[in-house]
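See below for the structure under consideration.
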Amino acid sequence: MSIAENLAQVKERIANAAIRSDRSPESVKLVGVTKTVDVERIQAAVSAGLEILGENYVQEARDKIEQVGEQAKWHFVGRLQTNKAKYAVKLFDLIQTVDSMKLAVELNRRAQPLGRVIPILIQLNLAGEETKGGVDHAESLSLVRQISELPHLQVRGLMTMPPFFNDPERARPYFRQLRKLSQKIAAAGVPGVEMTEISMGMSGDFEAAIEEGATLVRVGTAIFGERP
Ligand SMILES: *Cc1c(COP(=O)(O)O)cnc(C)c1O
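The numbers in the sequence shown follow this note's numbering, run straight up by one, and end at 317.
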């Protein structure tokens, strides 16, 4: 199948999952994850109506953003090293993977001279996996409070990537947990913080994520095919 056909199918599955869970299809936004995908194929997806792209590596994203540019919004979804913060604040519309005060302080410092307020999500590591980024559940509210003091960042919600399972039902408890945490942080009413986005769900499990409240799903393989 072509990229346009894959995209149409993913969008239809998103809409169906939303409707099944009494949500409007417009309440779920699709982020096409384009790590290792070349500009030509990204362009095909954008022409077919993909509006948000997610990149994992700053260096790789830089060339693509130069070529594809403002036809789409760009989200950073990878692990961000503090020494790449200065590029990230220039390139991305939203950074989904903030998980420490150290990184937040650096992003804030680099956004200041640009006069930008960078929308960010807080990445959660709900299973405590050492190989993945993300803050612990127990530390998340305190991190949100601290980041809310930084004038050049705005917290817009939460993101997570559960352990890999073949069965989406096994990821579902993590999705549910992220949504509950989002409600808890929203209820804390931290000034300047908006808990509007919940980024969860990938090719293998985005429908379960939507049923549990995802507002952003990050899908690569189901649109672009297997990565090398
Ligand atoms: C690669 C990646 C995705 C997409 O994964 P697929 O299984 O290809 O859909 C989503 N989120 C993050 C953070 C990723 O690194």
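Note that the Cβ used here is the ideal one computed from N, Cα and C, for glycine as well.
Check: Considering Leu180, what are the terminal residues of the alpha helix (DSSP H) in which it resides?
Finding: Position 91 of the sequence shown, counted from the start, is the residue given in the question as residue 180. First-last of the alpha helix (DSSP H) with Leu180: Ala174 to Leu180.
Check: Three-state secondary structure (DSSP) at Lys77?
Finding: Within the shown structure, residues of the chain are numbered from 90 to 317, placing residue 77 beyond reach of any answer.
Item checked: Proximity below 8 Å, CB of Val120 to CB of Gly138 -> As a working mapping, residue 120 is identified with position 31 in the sequence shown. As a working mapping, residue 138 is identified with position 49 in the sequence shown. No, they are not a contact pair.
Notebook entry, point to check: What residue from Val126, Ala107 and Ser113 has the CA that sits closest to Thr310's CA?
Noted result: Counting from 1 along the sequence shown, the entry for residue 310 is found at position 221. Here the closest residue by C-alpha is Val126.
Margin query: Buried or exposed, going by whether 16 or more other CB atoms sit within 10 Å of the CB of Leu215?
Written below: Mapped onto the sequence shown, residue 215 falls at position 126. Per the 10 Å Cβ criterion, buried.
Next item on the list: Give the straight-line distance between the Cα atoms of Leu230 and Gln212, rounded to the nearest whole angstrom.
Entry: By 1-based counting over the sequence shown, the position of residue 230 is 141. By 1-based counting over the sequence shown, the position of residue 212 is 123. For Leu230 and Gln212, the distance between alpha carbons rounds to 12 Å.
Notebook entry, point to check: Per DSSP, Ile207 forms a beta bridge with which residues?
Noted result: Counting from 1 along the sequence shown, the entry for residue 207 is found at position 118. In the DSSP output, where bridge partners are listed per residue, Ile207 has Leu242.
Notebook entry, point to check: Is Glu219 helix, strand or coil when you go by DSSP?
Noted result: One-based indexing of the sequence shown puts residue 219 at position 130. Of the three classes helix, strand and coil, the one that applies to Glu219 here is coil, per DSSP.
Check: In the segment 116-151, which residue ranges form an unbroken alpha helix (DSSP H) of at least 4 residues, counting only runs that do not cross its ends?
Finding: 128-136
Next item on the list: Taking 8 Å as the threshold, find out whether the segment 251-259 comes into contact with the segment 268-275 through three or more Cβ pairs.
Entry: Judged by pairs of C-beta atoms under 8 Å, the segment 251-259 does not touch the segment 268-275, as fewer than three such pairs exist.
Margin query: Taking 7 Å as the limit, name every residue whose beta carbon sits nearer than that to some heavy atom of ligand 1, in sequence order.
Written below: The set of residues whose C-beta lies within less than 7 Å of a heavy atom of ligand 1 reads, in chain order, Val122, Lys124, Gly143, Asn145, Val166, Gly167, Met250, Met291, Ser292, Gly293, Arg307, Val308, Gly309, Thr310, Ala311 and Arg316.
Margin query: Cutting at 7 Å between CB atoms, please list the residues of its own chain near Ser113, excluding the five before and the five after it.
Written below: Indexing the sequence shown from 1 puts residue 113 at position 24. Only Ala107 meet the Cβ criterion.
Next item on the list: Using the Cα positions of Ala263 and Val128, report the straight-line distance between them to the nearest angstrom.
Entry: Here residue 263 corresponds to residue number 174 of the sequence shown, with the count starting at 1. Here residue 128 corresponds to residue number 39 of the sequence shown, with the count starting at 1. The sequence given here has Tyr at residue 263, not Ala. Going by the C-alpha atoms only, they are around 33 Å apart.
Note to self: Tell me the rounded alpha-carbon separation between Asp188 and Gly223.
What the structure shows: Residue numbering aside, residue 188 sits at position 99 when the sequence shown is read from its first letter. Residue numbering aside, residue 223 sits at position 134 when the sequence shown is read from its first letter. About 5 Å.
Margin query: Taking the beta strand (DSSP E) that Phe253 belongs to, which residues open and close that run?
Written below: Along the sequence shown, one-based indexing puts residue 253 at 164. Unbroken run through Phe253: none, as it is neither H nor E.
Next item on the list: On a CA-only basis, which of Glu94, Arg102, Arg316 and Met90 is nearest Gly290? Give me that one, please.
Entry: Here residue 290 refers to the residue found at position 201 when the sequence shown is read from its first residue. For the options Glu94, Arg102, Arg316 and Met90, the alpha carbon positioned closest to that of Gly290 is the one of Arg102.
Check: Is Arg168 helix, strand or coil by DSSP?
Finding: In the sequence shown, counting from the first residue as 1, residue 168 sits at position 79. Coil.
Notebook entry, point to check: Do you know whose CA, among Glu115, Gln185 and Ile312, lies nearest Ala97's CA?
Noted result: Against the sequence shown, residue 97 aligns to sequence position 8. Proximity to Ala97 across Glu115, Gln185 and Ile312 peaks at Ile312, based on C-alpha coordinates.
Note to self: Residues in the same chain with beta-carbon distance under 7 Å from Val178, minus the five sequence neighbours each way, listed in chain order, please.
What the structure shows: On the sequence shown, position 89 is the one that residue 178 refers to. Within the same chain, Val178 has close Cβ partners Leu196, Arg199, Ala200, Leu203, Arg205 and Ile207.
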